[in-house]
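Residue numbers (the numbering used here), protein chains in the order written: chain A, 9 to 525; chain B, 23 to 200; chain C, 13 to 59.
Where is the CB? At the ideal position from N, CA and C, for every residue including glycine.
Below: the structure, in structure tokens.
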């Protein structure tokens, strides 16, 4: 609705007034000036109703943003540090006002009013951003918004008791805002967005200092937002510069997570790999390479490594995604469970492919998420089944079960695209020593050994090889599986035609073999 | 064999195409992740000094915010009272500190210029500051190089260390100018 | 090929690519010894 007459001018006057106070440095740090200003706001009736407060913030935001656009669009100051610092001048003052209002709203011990005000302001800034983004399109500037979000976050994360009590709410509010502003919604803000969610203070608060990893699910959601946005662009083999920049930035962030928070990647690998395109091999390897810091990885290249003697392979990794719930439709899930229980009806196997195939168009024939979920679900059921019989996964205990029926059926019945996706879903489980890695490693080798056509062996090799020829890192489970495949004579690996189909391929195998031996 | 892109031949075709078009490489063969400016062997956490997804190097010490007690934050009260910087009045220690911590900043070049005027020379290949030991006798001196014992500034131990150098004049930086 | 929606996103991303964030955007303004980015010689210490 229209702003009440006079409100725009009042707001303009007040925000300019505050910026002046902020500039006289005593003002910046003195609560006296702040309380004087709040009194002025009161006098001007700004604090009378919630609606007026909302309008005040919206108008203030727009005034500050417009000021920045005027500076940024001024040819003489474009891209100069002078221009930017002028913008910071205005934006930082606005942020300081918001931070002080949040800190001092309501009773000092009452966090509710503070959090409500913060949510309101973040919502308003996000709203202004999205409107601006959709109006200006190619002329949209990220910087003002990034600066507001960053500086406000730094203000609200200062080590002050009143803020510490608020912190989890601040982080939650920020994650909600960043999810609303995710690149799929504001592509023109994607670089600032990635820098915001990977700011060192934000990462520190989200993943390190907040107790019981309470913010991990929130952060995981933001990364899924990023991967989902990147997916269609990464599916193109040839990356354009803007995509390369975002992709490279994403790799940097993932490297920090791999180094500092490997457990976070371990816990969320499934959800991440589910939205990363199959051809995005190095980034997926990076996620799959994470292993708990308490674990010492046995050297995969040691001759005669007895994987089945490792104590770690009896423990299942933590899976945060509810895999069973992602298997749909419900009838399919029901049929699957009954087949796993009774190994009947056989018709379930013959209908398997039709449940997975969603179109006939090459490249998008299959429901990849369902494929991934099916593979991991059947795999975990198989491990439980084997454990119930007081066994552990091995080449003999994984065979001749309903679970292996399903895997063998998929291997034989799917076309090359389906088989590629199926083997990819399996290869995504080859990580650090755990029961899943061990089970799927055995399953890969079993399917290779039992294959009735060379095409199957070739595609198993293709999926493993393409994950090995990419730059490091390489997941431990991938290495030990491939080493076993090429070393163990039972698989007659080097006798297959596809190993010698071209000099480059031959050379590739030899170099991988050399590095493995 | 599999004839489409999902078999070994498909991989081969891709690899061949990638040889001619580096744009194709970044996803399939990936890149060397050790050159993205992150010290992956660091025993410390990376995130506290992470310079952001677009930065080729971590934050410098002075970039990282540390929350100090508010009473420490007195700069707004004394800023206008501080005397302006006069590099020619600072000791070499301070100059070296500025040079090594103000990476990519005007201060780095200003400190270098002041060190130059104090008879220090920057060896562009060794990336160290060198000065003659007073009273040093040349072992050799020609129009293009000289040999003898010099002090170089060792960043690790943060002091001057004597060492024999063969100094190619062409490897020494000329007077830095801002 | 990219879907229409993704083509639009790409155009917006491309425009943003020419206005990349600047390191100082996410740092507090420092009134004392402010940062003055400068292209120092490549052979100077870079990290």
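| Check | Outcome |
| --- | --- |
| If you draw a straight line from the C-alpha of residue 202 of chain A to the C-alpha of residue 260 of chain A, how long is it? | 11 Å |
| Which residues mark the beginning and the end of the beta strand (DSSP E) in which residue 145 of chain B is found? | 143 to 145 |
| By the criterion of Cβ-Cβ separation under 8 Å, what are the contact partners of residue 23 of chain B in chain A? | 462, 463, 466, 505, 506 and 509 |
| Could you work out which residues of chain B lie near residue 52 of chain A, taking near to mean beta carbons separated by less than 9 Å? | By Cβ distance, chain B contributes nothing, its closest Cβ being about 28 Å from residue 52 of chain A, past 9 Å. |
| Ignore the nearest five residues each way along the sequence and tell me which others in residue 143 of chain B's own chain have a CB closer than 6 Å to its CB. | 152 and 194 |
| Which residues mark the beginning and the end of the beta strand (DSSP E) in which residue 152 of chain B is found? | 150 to 154 |
| Which residue or residues does DSSP assign as beta-bridge partners of residue 72 of chain B? | Paired residue(s): none; residue 72 of chain B is not in a bridge. |
| Using a Cβ cut-off of 8 Å, which residues of the segment 235 to 262 of chain A contact any Cβ in chain C, in chain order? | 237, 240, 241, 244, 248, 249, 250, 251, 253 and 254 |
| Below 7 Å on C-beta distance, what does residue 57 of chain B contact in chain C? | Simply none; closest approach about 13 Å. |
| Does DSSP put residue 196 of chain B in a helix, in a strand, or in coil? | coil |
| Quick check on residue 116 of chain B: does DSSP put it in helix, strand or coil? | helix |
| Would you verify that the beta carbon of residue 32 of chain C is, or is not, closer than 8 Å to some beta carbon of chain B? | yes |
| In chain B, what lies closer than 9 Å to residue 13 of chain C by C-beta? | Those within 9 Å of residue 13 of chain C in chain B number zero; the least Cβ separation is about 16 Å. |
| What number of angstroms, rounded off, separates the C-alpha of residue 92 of chain B from the C-alpha of residue 40 of chain A? | 16 Å |
| How close, in whole Å, do the beta carbons of residue 305 of chain A and residue 277 of chain A come, if the pair is a contact with beta carbons under 8 Å? | Actually they do not touch by this definition, with Cβ atoms about 16 Å apart. |
| Residue 369 of chain A CB to nearest chain C CB: under 8 Å? | no |
| Quick one: any contact between the segment 175 to 189 of chain A and the segment 26 to 36 of chain B, if contact means 3 or more CB pairs under 8 Å? | no |
| Output yes if chain C places a C-beta closer than 8 Å to the C-beta of residue 122 of chain B; else output no. | yes |
| Could you tell me whether the Cβ atoms of residue 162 of chain A and residue 129 of chain A are closer together than 8 Å? | no |
| At least one CB of chain B closer than 8 Å to the CB of residue 175 of chain A: is that the case? | no |
| Do residue 462 of chain A and residue 506 of chain A come within 8 Å of each other at the CB atom, strictly closer than that value? | yes |
| Considering only the alpha carbon of each residue, which of A/410, A/391, A/181 and A/408 lies closest to residue 401 of chain A? | A/391 |
| Apart from the five residues just before and just after residue 121 of chain A, which ones in its own chain have a Cβ nearer than 6 Å to its Cβ? | 113 and 114 |
| Between the segment 331 to 342 of chain A and the segment 452 to 467 of chain A, can you find at least three pairs of beta-carbon atoms closer than 8 Å? | no |
| Since residue 172 of chain B sits in a beta bridge, which residues does DSSP pair it with? | B/154 and B/185 |
| When the Cα of residue 92 of chain A is compared with those of A/65, A/250, A/119 and A/155, which residue comes out closest? | A/155 |
| What residue does the alpha helix (DSSP H) around residue 26 of chain A start on, and which one ends it? | 15 to 31 |
| Determine the closest residue to residue 298 of chain A out of A/325, A/282 and A/310, with distance taken between C-alpha atoms. | A/325 |
| Along the chain, where does the alpha helix (DSSP H) that runs through residue 302 of chain A open and close? | Element bounds for residue 302 of chain A: n/a, residue is neither H nor E. |
| Using a Cβ cut-off of 8 Å (strictly closer), state whether residue 37 of chain B contacts chain A. | yes |
| Nearest by alpha-carbon distance to residue 412 of chain A: which of A/80, A/205 and A/382 is it? | A/382 |
| Are the CB atoms of residue 31 of chain C and residue 149 of chain A nearer to each other than 8 Å? | yes |
| In the DSSP assignment, what residue or residues form a beta bridge with residue 127 of chain B? | C/49 |
| Taking contact to mean 3 or more Cβ pairs, one atom from each stretch, closer than 8 Å, check whether the segment 435 to 450 of chain A and the segment 231 to 251 of chain A are in contact. | no |
| In chain order, what residues of the same chain have a beta carbon less than 6 Å from the beta carbon of residue 487 of chain A, not counting five sequence neighbours either side? | 308 |
| Measuring only between beta-carbons, confirm whether residue 180 of chain B sits less than 8 Å from chain A. | no |
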